[in-house]
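Positions 14 to 260 (this note's numbering) are the ones given, in order, by the sequence shown. The C-beta atom is built at its ideal place from N, Cα and C for all residues, glycine as well.
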Amino acid sequence: MADLNNSKQNSDLRVPKHIAIIMDGNGRWAKRLGQPRIAGHKEGMNNVKRIAIAANNLGVNVLSLYAFSTENWTRPSKEVNFLMRLPVDFFGTFMPDLIKENIRVMVTGFTDKLPAKTRKAVFDAIEDTKQNTGMILNFAFNYGGRAEIVHAAKILAIKAKNDEIDPENIDDESFSEQLLTGPLGDLADPDLLIRTSGEERISNFMLWQMAYSEMVFDETYWPDFTADNLVEDIKIFNDRDRRFGSV
Ligand code: FPP
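Next comes the structure, spelled out in structure tokens:
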């Protein structure tokens, strides 16, 4: 792995506080090697550990990874079952590394709809890392941006109906607080979105939060995406002129 902290050429890198990644290309990676799609997801899972450690070493505050979308349930059941087992495998294998690296796990998604074993794996990981003060590794699992916005709207509507809030006072901030990323506070909105595999779309990921995110579409398939690719994409981000609607 690249020596990210000491590398002279990275010394002027301005590292985004929150990076979101759409980890795409697992299936094509596997196909290229003549392997089943699930082999790509397995290697994609191993790469989560490598990139999480690299991002943490760079000083990223939040790394949000799109691991399973509310639309991914429509995939063949064998693949869905495999994807549901990944958190069990991942935390079962890499928890000592996450603790050693001081990484804190968070999950944004509709966890109540997950199989019991998957839910237990993610809640145990959240519990086991809650004292850690380093990077927040945020898995978007059974996550969908539209469903998240609808969910927030319902919470606010119920509060208004119960006279707990005045609808006139709903604003960007109070709406953000009701999103699944609400606990991230000021860090909820990604500065940079990276999508691997060359596809160029958002696919229902963090729709509200990405209002002003810079987007980099990297050709690399996710299992091949390295710490050096991450640094290169941050350099592209550094060359962007972020104006947030201003001049
Ligand atoms: C998209 O690639 C990838 C996914 C739907 C799954 C991503 C999951 C991981 C990388 C592992 C997550 C790890 C944990 C611990 C939860 P694709 O299957 O659509 O690839 P393709 O477009 O090449 O077919």
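Problem - Close-in-space but distant-in-sequence residues of the same chain around residue 217 (CB under 7 Å, 5 per side omitted) - result: 82, 84, 157, 158 and 159
Practice task
Check the DSSP bridge columns for residue 234 and list the partner residues they point to.
Solution key: DSSP, once it has assigned bridges, lists no residue as partnering residue 234.
Exercise for the section: Count the other C-beta atoms from every protein chain shown that fall within 10 angstroms of the C-beta of residue 261, then say buried if there are 16 or more, exposed otherwise. Expected result: Given that the chain is displayed from residue 14 to residue 260, the structure contains no residue 261 and the question cannot be resolved.
Handout entry: For residue 121, the residue or residues it bridges with in DSSP
Key = 153
Exercise for the section: Have a look at the DSSP bridge pairing and note the partners of residue 78. Expected result: 34 and 152
Exercise for the section: Give a single yes or no on whether residue 103 has its beta carbon closer than 6 Å to a heavy atom of the ligand FPP. Expected result: yes
Practice task
Run the proximity test for residue 40: is its beta-carbon closer than 6 Å to any non-hydrogen atom belonging to the ligand FPP?
Solution key: yes
Practice task
Spell out the partners DSSP gives residue 227 in its beta bridges.
Solution key: 205
Handout entry: Alpha-carbon to alpha-carbon, residue 163 and residue 89
Key = 27 Å
Problem - Three-state secondary structure assigned by DSSP to residue 212 - result: coil
Exercise for the section: Kindly give me the distance between the Cβ atoms of residue 112 and residue 142, rounded to whole angstroms, as I take these residues to be in contact under 8 Å. Expected result: 7 Å
Handout entry: Contact under 7 Å by Cβ, residue 27 with residue 251
Key = yes
Handout entry: Straight-line Cα distance separating residue 254 from residue 122
Key = 32 Å
Handout entry: Whole-angstrom distance between residue 63 and residue 116, CA atom to CA atom
Key = 13 Å
Exercise for the section: Answer yes or no: the CB of residue 128 versus the heavy atoms of the ligand FPP, is any distance below 6 Å? Expected result: No.
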